[in-house]
Every structure is written in structure tokens, then in C-alpha cells.
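With the sequence shown counted from 1, adding 697 to any position gets you the numbering used here.
Every residue, glycine too, gets a C-beta built ideally from N, C-alpha and C.
Being a predicted model, the structure only gives us computed values, none of them experimental.
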Amino acid sequence: MLLRRLCLLLGLLLAASAQASGPGQPAVATAHPQATEAAHAIMAAGGNAFDAAIAAAATLGVVEPYGSGIGGGGFFLLRRAKDAETDYLFLDARERAPLAAHRDLYRDADGQVSRQASLNGALAAAIPGLPAALVELAEQHGRLPLTTTLAPAIAAAEQGFAVTSRYRALGSFRVAAMQADAETARLFLDQGELPAEGYVVRQPELAATLRALAHEGRDGFYAGAVAKQLVSHVQHHGGIWQQADLDEYQVVWRTPIRFHSQGFEIISAPLPSAGGIALAGILQGLEQLPATAPGSVQQTHQLVELMRRSYRDRALLLGDSDHVQVPVAQLISPAWAAQLAANIDTQRATPSAELGPPLTFKEGTHTTHFSLIDAEGNAVAATLSINLPFGAAFSVPGTGVLLNNEMDDFAADPAGRNEYGLAGSEANAIAPGKRPLSSMTPSMLENDRHLAILGTPGGSRIISMVLLGSLQAIQGQPVQQWVSLPRFHHQYLPDRIQLERQALPEQREALQALGHELQEVERDYGDMQAVHWDKAANRLQAASDPRGVGLAEVRPEPERH
């Protein structure tokens, strides 16, 4: 009997030791197979999760020019596993407004805001942050040099990638803008038209720029020949970049949003992302309302009402906390969530107009995301963007760099009215060096038994997608269901529930009876990438959204020699 007890105790100790040291194998989910392969290859070569994140991010920027790239930026949520301790960090590589930017940058001579200038061309581009982030990750947390971790992206740029259905679908929204810029048309179109599926896009100039970044670090992009060409070309085409913009750009290490809900700690994106704050309000607010069955009409109604209120807070209160005062501690508190939930009628939809004067925001519709974990338990959730598909549709000759149009994420007319007749927000007004507000929400959920890693592209719908995926994780559903479940969304204005075609078929009539207006979206949306580590069983699962062309793989731990 004593021997049996000793064996049992030894087994428990060994299991606890394995859990503390990680899952023993890596898992990767990205929006493109080449990026997934790049991340796994780097871990097989001795790199950790942070090295793999560099490889995945850089490769996605090559093979998904419609979603991200070194001409853009993003957010990285890091989980560092060391001994039995776990540490969470957040790297903000969001683009910054040029130093010459100002509140009325997009007003014309008649005082009207020109949306086209913030969407297309040189004036639409904020200062990129992704190159600085890759260098920072390598220097602070990686094991391998950038010459190794950027090698897959360099190879992809030189050898090319095949155009996919997703490339064509997203490119179809931006063909006219791409045709208007000769360099963008040369790089990403075929004889001025969208390439056919299978057409190979090669980017030798981008390979050279990535090689400069690999060998010279930060100076390979923000100084020297590449920087000179970037500034010169932007200025020549009416932009306001200066070398000082590149000199002064810095990534920022921030404290992630952390709160507890339904037996999990949720770790998510802080400002200038609205995502973590919104998740805190909605998930904690849900606990303040009468208990409902998961997936029921009543729960859907409660979630929609909490979305409505959280998105209004986003429009009213949130901006770059380096430039405006935001009461973050208050906004993520259970007390604030209780206040959000207090005036929800469980039997009636609240018209958004009853909550106060109209406020809104606009945000690009496409980004990219990846989730990964290494054998030791280090993990990364990263969401990257150039804003609209193919960014500003403005490329810099000789560099291969396609620039973002993140300036359009600011409230260009904060005190006035936009094209929908709705007021903007002073908190997100344009200012020199300011970061525009974002919905990108890389997130992790963890308790003693589980770790969930997830995120998605999708503009303003990102938050609601991560919310629905998180609820699936909390409810113990398989990871494939987190990424594939049909989605619904409410963002305060327009005052309607937006649904995918397959979403809530049995609830629609009941929701309408509660006073909700429903609108089926034209296309399914999102491209969620997720990883689940069941610590109790020490089992990894990874899933890639079936709406996209990504790849999720769990592989055996590579042998070390």
C-alpha cells in the first residue's frame, strides 16, 4: 500500500513538473501555410516561441500583403514560462502619426474632411512599427539571430508565393486604388488586373529590405538607404514623413489587461487597443446578469446589450493613453461592468439612441493573426495590420514596402460629423506621434487546467469574435469550434445585430420579438487562429478558421543535437 502511494505521489509530481515546463511539443496556427511552416522550422532549429513569432510575422507580411507587412504594425501578447512562474508581456508596435500630422490634416480648403486622402496614397500612411518589433523581440526574448528568423520570409519574398482565393477576394475591394499606384500595380497585379489563383508573386526588393533588417537591425529599416527612399518617395507624393519620424519611432512594452471571469484569468490587449477593456466589461458584465444557458436566446440578448454599451464606451472614452487620459482601472473593474449591466432589460432591446448622443468610429476591415506555443510553454498571440486590404495601396520603389493606411483609424473629424451623420471622438483625434485606436485583441485565457490562445482579423468585429471564441473556450468546447462557430456582432451604431449567414437560425424570430433589428452580412468574416493546451491531460490542439486559407499544426518536439 505504501509503495502504491509513493508511486502515485511520484506520478503526480512528474505530471506537475511536465506542466510547469510546458506541453513538450509546439503548436502553431497562422493565416497562411507558409507562415505556419516558418514558425515550426524556426523552433526545430532551436528557437523559442518568440523566435517563431518573428518568423511567422515576417512571413505573413510577405505572403499576405493584403493583411500585414513591414509597412504596418501590430500587437504581440507574450507568455513567458520560466520554472513554475508565468509572466505576461505586451509589445505595442502600433503605427504612429507623423510628427507633422495635426487635427485637421484631412480637411480641404472648404473645411470638409477628405476621406480619400486618409485611405489611399502617401498621406494615409502612419509610421510603421513592425520592423522595430521584430528587432525588439529578437534582442529581448529570442535565442536566434534575425539572420536566421527572417530567413523564411526572405526566401518567400525571393521565390514567391501563389495567389489564393483570399488574395483575390480581398484584392477585389482595392483594385482601383492599386491600379492608381504604378509600383503597387507592378508588385501585386498582373497586367493591371487581379492575378489568377496560382499566379506567383515575387518580391525581390522586399527580400533585400528584409535582409537589411536581418543584418543591420533597426538601422536596416529606420536609417540608411531604405529610410532615405521611404521618406523621399512619401514626400514626393504629398506625404508628410520626415527622417525624424523614423528616428523617433519606438515600440512600447505595456502592461496587458488582466481580469478574472468564470474561472479563468483573461489576459488581453491594453490601449491603444480597445479590445481588452471591452472584453472586461462584457465578460464581467455577463456575470452580473441572470444566469442563462450557453447559446440560448437569453444569452445572445445579454451579450448584444453588453456589446452595445461597451462599443459606445469605446467611441466615447478610448484613445492612445500616452496622449489622452483614460480611466483604465475603472473601465476594467467589476464595478464598471456592473454599471454596464445595470440598465439592461432582459426582455427588451435598448435602442442605442436611449444611451446618449450618437458616437461612432471607423476601422480597417482586414488584419492577420497567429497563435503559437513552444514545448516549454512560452506562447505568443499576435495581431498585425496595415488597415484596409493592401493598406494605402502605395508602395515605395526599390524597397518592396507596401505602406499602411492606419491614419484612417483616427477620428479625422472628431468634433463634427462623418459621412453617416455621426459625431466622432476627441480621444481619438489626430495628433503628432499619436497611435490610432484599434480593435486588435490578441488574447489568452488561463487557469490551472487550461491555456487558450486566440485572436483574429476583422476590424471593429474583432472584439466580438474574440469574445465569442473566449466563451467557447470557457465552456470547454473543442478548439475547432472556437474558430468555426457562426458569428454575430453589435457595435452600438449602426443599431442592429450583424450576423453571418449561418448564425442564430433558430433565434432570429425571438430576437426580433425582443426589439432587435437583424442584418445578415454579405460575406462571412474573420480568420481566427487558436491554440489550446489542456494542462491536465498535457494535450495540445490548434485550429485555423475555415473561412481562411490558414494552417494549424501540432508537431512533436524536435530532437536537439
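For Ala819, the CB contacts under 7 angstroms within the same chain, skipping 5 residues up- and downstream, are Val931, His934, Gly935, Gly936, Phe1091 in chain order. Under DSSP, Leu788 forms a beta bridge with Phe773, Trp950. Arg1236 is bridged by DSSP to Asp1231.
Within the DSSP bridge table, the entry for Phe961 names Ser958 as partners.
Ranked by Cα distance from Pro1191, the options Ala1012, Ile767, His912 are led by Ala1012. Burial check for Thr1043: the Cβ neighbour count within 10 Å stays below 16, so the residue is exposed. In this structure Leu827 does not touch Ala941 by the C-beta definition: roughly 20 angstroms separates them, more than the 8 angstroms allowed.
Met740: member of the alpha helix (DSSP H) spanning 730-741, first to last residue.
Runs of the alpha helix (DSSP H) lying entirely within the segment 972-1042 and spanning at least 4 residues, in chain order: 972-985, 994-1014, 1025-1028, 1031-1039. In the structure shown, Asp801 falls within a coil segment according to DSSP collapsed to helix, strand and coil. With respect to the 9 angstroms criterion, Ala1149 and Phe961 are classified as neighbours on the basis of their beta carbons. For Ser1049, the secondary structure class from DSSP, reduced to helix, strand or coil, is helix. Looking at the DSSP output, Leu1069 bridges to Val725, Val1077. Taking C-beta separations shorter than 7 angstroms and ignoring five residues to either side along the sequence, the partners of Thr1064 in its chain run Gly764, Ser765, Thr1080, Leu1081, Ser1082, Met1137, Pro1154, following chain order. Classified as buried, Trp1230 has 16 or more neighbouring CB atoms from the shown chains inside 10 Å of its CB. When the five nearest sequence neighbours on each side are left out, the beta carbons in the same chain lying within less than 6 angstroms of the beta carbon of Gly1074 are those of Gly719, Ala778, in order along the chain. When secondary structure is reduced to three states using DSSP, Gln939 falls in the coil class, being assigned neither helix nor strand.
In the pairwise beta carbon analysis, the segment 1002-1011 is classified as not touching the segment 942-962: fewer than three pairs are separated by under 8 angstroms. Going by DSSP, Met1141 is part of the beta strand (DSSP E) stretching over 1140-1143. Beyond the five residues adjoining it in sequence on each side, Asp1071 comes within less than 6 angstroms, by CB distance, of Pro723, Met740, Asn745, Ala746 in the same chain, given in chain order. Considered as a whole, the segment 830-889 harbours 843-846, 848-856, 862-868, 872-877, 879-885 as its complete alpha helix (DSSP H) runs of no fewer than 4 residues, in chain order.
In this structure Ile751 is in contact with Gly839, their Cβ atoms being roughly 7 angstroms apart against a cut-off of 8 angstroms.
Counted as a single uninterrupted DSSP element, the beta strand (DSSP E) harbouring Glu1217 occupies residues 1215-1217. Per DSSP, Glu1123 is not a residue of any beta strand (DSSP E), being assigned neither H nor E. For Leu1208, no beta strand (DSSP E) encloses it; the enclosing alpha helix (DSSP H) starts and ends at 1205-1210.
Counting other Cβ atoms within 10 Å of its Cβ, Glu782 stays below 16 and is therefore classed as exposed. Taking 9 angstroms as the cut-off, the Cβ atoms of Gly973 and Ala1124 do not count as close. In the structure shown, the three-state DSSP call for Leu1168 is helix.
Remark: three or more beta-carbon pairs, one from each stretch, lie closer than 8 angstroms, so the segment 1162-1171 and the segment 1181-1191 are flagged as touching. The Cβ neighbour count for Ser965, taken over all protein chains shown within 10 Å, is at least 16; the residue is labelled buried. Around the beta-carbon of Ser862, fewer than 16 other beta-carbon atoms lie within 10 Å, marking it exposed. Taking C-beta atoms as the reference points, Gly721 and Glu1254 count as a pair closer than 9 angstroms.
Straight-line measurement puts the Cα of Arg812 at about 23 angstroms from the Cα of Ile1159. When C-alpha distances from Gln996 are compared across Leu1201, Pro892, Gln939, Ala859, the shortest belongs to Leu1201.
In this chain, the beta strand (DSSP E) harbouring Gln1195 covers 1194-1196. Among the bridge pairs identified by DSSP, Lys779 is matched with Glu782.
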